[in-house]
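**Student:**
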Amino acid sequence: MRTCAFAVLAGSLFPALTATAAEKEAPKDIVLTGDAKCTTCHDENDSPEALRIGKTKHGTVADKRTPGCTNCHGESEKHVKEAGRGSGPTPPVDVGFTKKNKTTSAEAQNASCLSCHQGSTRIFWQNSTHARRDVTCVSCHTIHDGHDKVREAKSQPEVCSNCHKEQRAQFARPSHHPVPEGQMSCSSCHNVHGDNPSQLQKSSVNDTCYSCHMEKRGPFVHNHQPVSEDCAICHNPHGTNVANLLKARAPYLCQECHSHDSHPSQLAGLPTGRTASTDLLGTVGRGCLNCHTNIHGGNSTVNSATAGRFRR
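Printed below as a string of structure tokens:
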């Protein structure tokens, strides 16, 4: 009884001392505001990779928009109460983020991210090809690591090629856009969060190509119909074995559409003698562009039946 009375008396006489002792015992935040609830267990010894979030934009505590652990993972009360008790497996957090998570659906994982990142280029994420195939944000992004490969031009193709292996092989061909060299990245042409065809940055293939190749836009006096329709009719943007990203060499590429009397389809071979016949023009040089130099569109105003044949 005397001991209890002394403790009560000491607490009433020295409130500052008891408050200071309580403050020392209370866990403190390590990285994010309010993270003590989690970092009591997930500290630098148990989960050093989780604490790396302090080196990312999500760890900027001076920014009022910066979330805490529970903003993304939920309150996870069962996880906190059962952690470390040894009575069985610890219940998972309310929202877990792993590439092959079986406890939290892809939709729930993405919803947590979209609660902040829904706007701008991600406004139509729910209708995108990636979303419809249950791709999650963490399938591409590393949230707790300061080095997010998908956000850097040189390392981004490495992340994309984990799924898009055919395109990775095409970039290894002799003629390709300078993506392997780091001068472009996949996101130079594609908006992976959008719902455009092939998730392109623009609403069509041509508009995306015209972002760099403005000289092919026109308008021309004489338009080449395949050019106006779709650049991918003749070109494979990821890479080919033919110069200028062409799908096939001339005249074979041209003969897929043009096989009429003026230049009939011709097999490769040498003429038997000297000739200027148009029936044999393609057998030696086999280059339609030797004459039809302005193949993307011509501006000839000559009043001639051949003015629209895209010559110089």
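Residue numbers for the sequence shown follow the working numbering, beginning at 374 and rising by one. No residue lacks a Cβ here, since even glycine has one placed at the ideal position from N, Cα and C.
Can you list the alpha helix (DSSP H) stretches of 4 or more residues lying completely in the region 540 to 623, in chain order?
**Tutor:** 578 to 583, 598 to 602
**Student:** Among Glu-602, His-669, Ala-621, Pro-599, whose alpha-carbon lies nearest the alpha-carbon of Asn-609?
**Tutor:** Ala-621
**Student:** What would DSSP say about Gly-432, mapped onto helix, strand or coil?
**Tutor:** helix
**Student:** Please classify Gln-496: is it buried, with 16 or more other beta-carbons within 10 angstroms of its beta-carbon, or exposed?
**Tutor:** Rather than Gln, the amino acid found at residue 496 in this sequence is Ile. Burial call: exposed.
**Student:** Relative to the C-alpha of Cys-486, which residue among Pro-462, His-514, Cys-585 is closest?
**Tutor:** If we check each option's Cα against that of Cys-486, His-514 comes out closest.
**Student:** Have a look at Pro-462, Gly-461, Ala-479 and flag the residue whose alpha-carbon is nearest the alpha-carbon of Val-468.
**Tutor:** Per the Cα distances, Ala-479.
**Student:** Please report the straight-line C-alpha distance between Phe-683 and Phe-593, rounded to a whole angstrom.
**Tutor:** 10 Å
**Student:** Taking Ala-545 as the reference, which of Ala-605, Ala-526, Val-615, Ser-560 has the closest Cα?
**Tutor:** Val-615
**Student:** Where does His-517 land, buried or exposed, given buried means 16+ other C-beta within 10 angstroms?
**Tutor:** For His-517, the number of other beta carbons within 10 angstroms of its own is at least 16, and it is reported as buried.
**Student:** Tell me Gln-671's beta-bridge partners as DSSP assigns them.
**Tutor:** It is Gly, not Gln, that sits at residue 671 in the sequence shown. Beta-bridge pairing links Gly-671 to His-595.
**Student:** Which two residues bound the contiguous alpha helix (DSSP H) that contains Pro-400?
**Tutor:** Per DSSP, Pro-400 belongs to no alpha helix (DSSP H) and is neither H nor E.
**Student:** What does a CB cutoff of less than 7 Å around Cys-377 pick up in its chain, not counting 5 residues either side in sequence?
**Tutor:** Bear in mind that a pLDDT of 49 at Cys-377, under 50, signals an unreliable position, so the model cannot answer this.
**Student:** When you compare each of Gly-591, His-549, Met-557, Ser-512 to Cys-536 by their alpha carbons, which one comes out closest?
**Tutor:** Between Cys-536 and the set Gly-591, His-549, Met-557, Ser-512, the nearest pair of CA atoms involves Ser-512.
**Student:** Kindly list the residues whose CB is nearer than 8 Å to the CB of Thr-471, restricted to its own chain and excluding five residues on each side of it in sequence; keep chain order.
**Tutor:** Val-511
**Student:** I want to know whether the region 580 to 591 touches the region 518 to 538 - three or more CB-CB distances under 8 Å.
**Tutor:** no
**Student:** Is Gly-427 helix, strand or coil when you go by DSSP?
**Tutor:** helix
**Student:** DSSP three-state call for Arg-505: helix, strand or coil?
**Tutor:** helix
**Student:** Taking C-alpha atoms, which residue in Ala-456, Leu-573, Asn-564 lies nearest to Arg-524?
**Tutor:** Asn-564
**Student:** Determine the closest residue to Val-552 out of Gln-598, Asn-569, His-611, with distance taken between C-alpha atoms.
**Tutor:** Taking only the C-alpha atoms, the option nearest Val-552 is His-611.
**Student:** Out of Pro-462, Thr-613, Cys-411, Asn-483, state which residue places its alpha-carbon closest to the alpha-carbon of Arg-541.
**Tutor:** Selected option, being the one with the closest Cα: Thr-613.
**Student:** With a CB to CB cut of under 7 Å and the five nearest residues on each side skipped, what residues in its chain are close to Asn-500?
**Tutor:** Asp-568
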